[in-house]
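Student: Position 449 (the sequence shown) corresponds to 1404 in the numbering used here; numbering is contiguous. Glycine is no exception: its CB is placed at the ideal position from the N, C-alpha and C atoms. These figures come from a predicted structure and were not determined experimentally. I'd like to ask some things about the structure below.
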Amino acid sequence: MSLAVVASRALYGLEGCAVRVEVYVGAGLPSFNVVGLPGAGVRESRERVRAAIVSSGYEFPAGRVTVNLAPADLPKDSGRFDLPIALGILLASAQLNAPGSKEATSKQGRCVQPDVSRYVLAGELSLTGAIMAVNAPLAIALAVARQHAGAVLVLPEANAASAARVPGIHVLAARTLADVAAHFSGISSLPVATPPNEKLNVPDLCQAAVRCLSDVRGQPQARRALEVAAAGGHSLLMSGPPGTGKSMLAQRLPGLLPQLDTEQALEVCALAGLEGIDLPCQVQPPFRAPHHSASAAALVGGGAVPRPGEISRAHRGVLFLDELPEFQRHVLECLREPLETGHISIARAARTLTFPAAFQLVAAMNPCPCGWLGHPVRPCACTPDSIAKYRQRISGPLLDRIDIQISLPATEGHWLDMPPGEASASVRQRVQACRARQQRRQNCHNAALNEAGIKAYCKLSPVTAALMKQALVRWHWSARTASRVLRVARTVADLAGADEIAEIHIAEAIHFRQPWP
C-alpha cells in the first residue's frame, strides 16, 4: 500500500482555499471512493480519471483506491481536481519514479516518489487523457501567489497563459496527463507559460478612454461635481430633465480616475473569469451600466452556485445606474451594505461567499415622472403627489449613502453655440494629484475615511462649524449625511491644495447636497 499527497485549490468567490488531495492505494476488493465533501462534478471524476489513466498508457490500480479532499468540512465542486487525483493515483501506485531513481520491483524495492510539494495542480481530464480548460484560472493563480510563495502552478495549456499574468508565480502548461507524468518522472519537462502580449500602458485601447469630458458643453456645476467625485472616490447622483448630459457625464468618469495598478487590474480580470469571461488586463477602471430591469441577483450576485454581480464586476471602477427610480426598490436596497463595506457577502446553506465590490456609484434620474420639472420651456404635467411618489422610490437610507447629489438645469440656448469644456486629460492630472495627497496623508481616498479619520483630518474652525450647524438644522440631516458632507469638503479642500477646511470649502460641499430643483 502507498500514500501520495498533491496540492490543489478550491475557489469560493475570489478566495482560494488550499486543498490536499490525499490518495491511498491498498489491498482489498477493487473500489474507487472520493471523500471530503465532494460535489457531483467531483464524484463523477472517478470515471474520467480511470479512463484517462488507462488511455495515457498506465494501469489503474486493481486494489482499493481512496481519495480524500482535505479539509473535509469545505464543499468541493468542479472538474479541476481531476488532474491532481490522477497524479496522486500514479504516485501512490508506484508507477512514477523520481528522476535518477531505480525502478522498483514487486517485493525487493520501492519506487522513490517524485517531490511534488512545491506544485499546485488543477485541470479537468477527458477520457483520452487530454487536460481540458478550467474556470477562473486567474483567480486560482492569485490565490496560489498569495498563499504559497515559490509555488509552481500546473494548469491546462488553454489556461496557463492567462494565469502567467500574475507576478511572482511559476506556471507550467500541460496538454495531457502523459505529459504531466513524464515531467515528474524526469523524462521531459512541461513548457513554461508566458503571459499574453497585452499593452497595459495604452489606455486608448479602452472605449471609455476616448470619451473626453470636452464633449460635454455647458453644465459647469455638474462638471465640477464630477471632478470632486473622481478626486475623492465619492458616489454621485444627478437629477435633471432629459438631454442635460447626465449619461454623458457618467460615461466620462472612468477617464478621470487614476489608472489601475497591476494587482488591481488582475483582480478585475479574475472577477470576470469567475463568469467564464477572459478579459485582457487593462489599466482603465471598469465601467458597468446595468439596465433598470436587472434583478437583485444580477446586481449584487447570487444563484444556486453564487456568481459575482454587476457591483463586483464594477470593482475598482464605476457602477452607473441610469433611470434610478425605475429600478425595483428591493434591488436598490441591496446596495446599502456594499456601499459602506466595499464587499458583498452571499449566504448559502453550505457556505457564505464574499466578493469584492469597492465600486464608485454614479446614478442619474429625472426630477419627476414626465421628466420636465424645472425646464424653462416645456411644462411639467405631474401632480405633486405623483412627483413625491416618484422620488420615494429611492429610500432615505440609500440617499443618505450618496455623497454628492446635484440638480442639472436644462441648457438654455443652442448647445452648438457653447464652447467645448475642459478636456479629461487636464482634469485627470488634478484628480491624480489630489488622490496622491490623500494617500500620503491617510493611505486611502476621502470617501473611505472612517469616523476616526474624519475627526483627525476634517477639523472645522468655529466659522465653518457654525455654517455646518446651520445646514444641519435647516435640512434636518442625519449624522451619516453630515459625515459625508465633511468628506466631500475635505476633497474640495484637497483640490484647492489647502491643509484646513475653509468656509468656502464647506459651503461648496453643502451645495453639492441639493438633488431637487
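Any idea if I1142 is buried or exposed, counting beta-carbon neighbours within 10 angstroms, 16 or more meaning buried?
Tutor: Walking along the sequence shown from the start, residue 1142 turns up at place 187. The residue in question, I1142, is exposed, as its Cβ has fewer than 16 Cβ neighbours within 10 Å.
Student: Quick one: Cα of A1106 to Cα of V1126, how far?
Tutor: Mapped onto the sequence shown, residue 1106 falls at position 151. Mapped onto the sequence shown, residue 1126 falls at position 171. Rounded to the nearest angstrom, the two C-alpha atoms are 9 angstroms apart.
Student: Applying the 10 Å Cβ sphere with the 16-neighbour rule, what's the burial state of N1401?
Tutor: The count along the sequence shown starts at 1 and reaches residue 1401 at position 446. Flag for N1401 reads buried.
Student: In whole angstroms, what separates the C-alpha of E1463 from that of A1444?
Tutor: Position 508 of the sequence shown, counted from the start, is the residue given in the question as residue 1463. Position 489 of the sequence shown, counted from the start, is the residue given in the question as residue 1444. About 7 angstroms.
Student: Which stretch, first to last residue, makes up the beta strand (DSSP E) that contains H1298?
Tutor: As a first step, residue 1298 must be located in the sequence shown, where it is residue number 343. Element bounds for H1298: H1298 to A1302.
Student: Can you give me the Cβ contacts of E1458 inside the same chain, cut-off strictly under 7 angstroms, excluding the 5 residues immediately before and after it?
Tutor: For the purposes of this step, residue 1458 is taken as residue 503 along the sequence shown, with counting starting at 1. So the list reads V1418, T1419 and L1422, once near-sequence residues are dropped.
Student: Work out the CA separation of D1028 and A1220 for me, nearest whole Å.
Tutor: What you label residue 1220 is simply residue 265 of the sequence shown in a count that begins at 1. What you label residue 1028 is simply residue 73 of the sequence shown in a count that begins at 1. Their backbone Cα atoms lie some 33 angstroms apart in a straight line.
Student: If F1036 sits next to S986, beta carbons under 8 angstroms apart, how far is it from one beta carbon to the other, in whole angstroms?
Tutor: Looking up residue 1036 in the sequence shown gives position 81. Looking up residue 986 in the sequence shown gives position 31. The pair is not a contact, with the Cβ atoms about 19 angstroms apart (cut-off 8 angstroms).
Student: Going by alpha carbons, who is nearest to Y979 out of A1227, I1040, T1436 and P1069?
Tutor: Reading the sequence shown from its first residue, position 24 is the one you call residue 979. Closest by alpha carbon: I1040.
Student: Taking the CB atoms as reference points, tell me whether D1355 and R1439 lie closer together than 9 angstroms.
Tutor: The residue given as residue 1355 occupies position 400 in the sequence shown. The residue given as residue 1439 occupies position 484 in the sequence shown. Yes, the Cβ-Cβ distance between D1355 and R1439 is below 9 angstroms.
Student: Measure from the alpha carbon of L1212 to the alpha carbon of each residue in E1222, Q1237, D1032 and A1185, then state which is nearest.
Tutor: For the purposes of this step, residue 1212 is taken as residue 257 along the sequence shown, with counting starting at 1. L1212 has its Cα closest to that of A1185, out of E1222, Q1237, D1032 and A1185.
Student: With a cut-off of 8 angstroms on the beta carbons, I'd call T1309 and G968 a contact; round off their distance for me.
Tutor: As a first step, residue 1309 is located in the sequence shown; it is residue number 354 there, counting from the start. As a first step, residue 968 is located in the sequence shown; it is residue number 13 there, counting from the start. Right, the Cβ-Cβ distance comes to about 6 angstroms (below 8 angstroms), so this counts as a contact.
Student: On the CB-based measure, 16 or more other CB atoms within 10 Å of its CB, does K1201 come out buried or exposed?
Tutor: On the sequence shown, position 246 is the one that residue 1201 refers to. It is buried - the Cβ of K1201 has at least 16 other Cβ atoms within 10 Å.
Student: With DSSP collapsed to three states, give me the class of L1155.
Tutor: Mapped onto the sequence shown, residue 1155 falls at position 200. Caution applies to L1155, whose pLDDT of 49 falls short of 50 and renders its modelled position unreliable; the model cannot decide the point.
Student: Just to confirm my understanding: we take S1117, look at its own chain, exclude 5 residues before and 5 after, and list those with CB closer than 7 angstroms. What are they?
Tutor: As a position in the sequence shown, residue 1117 is number 162, starting the count at 1. So the qualifying residues of the chain are P1092, L1093 and D1233.
Student: Measure the CB-CB distance between R1396 and Y1412 and report whether it falls below 9 angstroms.
Tutor: Reading the sequence shown from its first residue, position 441 is the one you call residue 1396. Reading the sequence shown from its first residue, position 457 is the one you call residue 1412. Yes, they are a contact pair.
Student: Tell me, to the nearest whole angstrom, how far the beta carbon of A1313 is from that of H1247; I am working on the premise that it is less than 8 angstroms.
Tutor: Along the sequence shown, one-based indexing puts residue 1313 at 358. Along the sequence shown, one-based indexing puts residue 1247 at 292. With 8 angstroms as the limit, A1313 and H1247 do not qualify as a contact, their Cβ atoms being about 23 angstroms apart.
Student: Do the stretch 1371–1381 and the stretch 1326–1333 make contact, defined as three or more Cβ pairs closer than 8 angstroms?
Tutor: Not touching, per the Cβ criterion.
Student: In terms of alpha-carbon separation, which member of H1138, A1128 and S1140 lies closest to V1147?
Tutor: For the purposes of this step, residue 1147 is taken as the residue at position 192 of the sequence shown. Ranking H1138, A1128 and S1140 by Cα distance to V1147 puts A1128 first.
Student: Quick one: is R998 buried, meaning 16 or more other Cβ sit within 10 Å of its Cβ, or exposed?
Tutor: To locate residue 998, count along the sequence shown from 1; it is residue 43. With fewer than 16 Cβ atoms within 10 Å of its Cβ, R998 is classed as exposed.
Student: Do you know whose CA, among R1346, A1304, Q1315 and R1306, lies nearest P1324's CA?
Tutor: Within the sequence shown, the letter at position 369 stands for residue 1324. Answer by Cα proximity: R1346.
Student: Would you tell me roughly how many angstroms separate the C-alpha atoms of E1079 and M1320, rounded to the nearest one?
Tutor: Numbered from its first residue, the sequence shown carries residue 1079 at position 124. Numbered from its first residue, the sequence shown carries residue 1320 at position 365. Whole-angstrom Cα-Cα distance: 48 angstroms.
Student: Taking all protein chains shown into account, decide if M1373 is buried (16 or more other Cβ within 10 angstroms of its Cβ) or exposed.
Tutor: By 1-based counting over the sequence shown, the position of residue 1373 is 418. It counts as exposed.
Student: Quick check on DSSP: helix, strand or coil for K1414?
Tutor: Taking the sequence shown and counting its residues from 1, one reaches residue 1414 at position 459. Coil at K1414, not helix or strand.
Student: Which value, in whole angstroms, describes the spacing of the CA atoms of E1278 and V1317?
Tutor: Counting from 1 along the sequence shown, the entry for residue 1278 is found at position 323. Counting from 1 along the sequence shown, the entry for residue 1317 is found at position 362. If you take the alpha carbons of E1278 and V1317, they lie about 11 angstroms apart.
Student: Whole angstroms is fine: what's the gap from L1290's alpha carbon to S1194's?
Tutor: Residue 1290 sits at position 335 when you count from the first residue of the sequence shown. Residue 1194 sits at position 239 when you count from the first residue of the sequence shown. Distance between the alpha carbons of L1290 and S1194: 19 angstroms.
Student: Report buried or exposed for W1471, applying the criterion of at least 16 other Cβ atoms within 10 angstroms of its Cβ.
Tutor: Working through the sequence shown from its first residue, we reach residue 1471 at position 516. Exposed is the call here.
Student: Please report the residue range of the alpha helix (DSSP H) in which T1436 lies.
Tutor: Here residue 1436 refers to the residue found at position 481 when the sequence shown is read from its first residue. From DSSP, the alpha helix (DSSP H) with T1436 extends over A1434 to L1450.
Student: Near V1089, which residues of its chain fall below 8 angstroms by C-beta distance, leaving aside the five closest residues on each side in sequence?
Tutor: The count along the sequence shown starts at 1 and reaches residue 1089 at position 134. Closer than 8 angstroms at Cβ, skipping near neighbours: S1033, G1034, R1035, A1077, G1078, E1079, I1095, L1110, P1111 and N1114.
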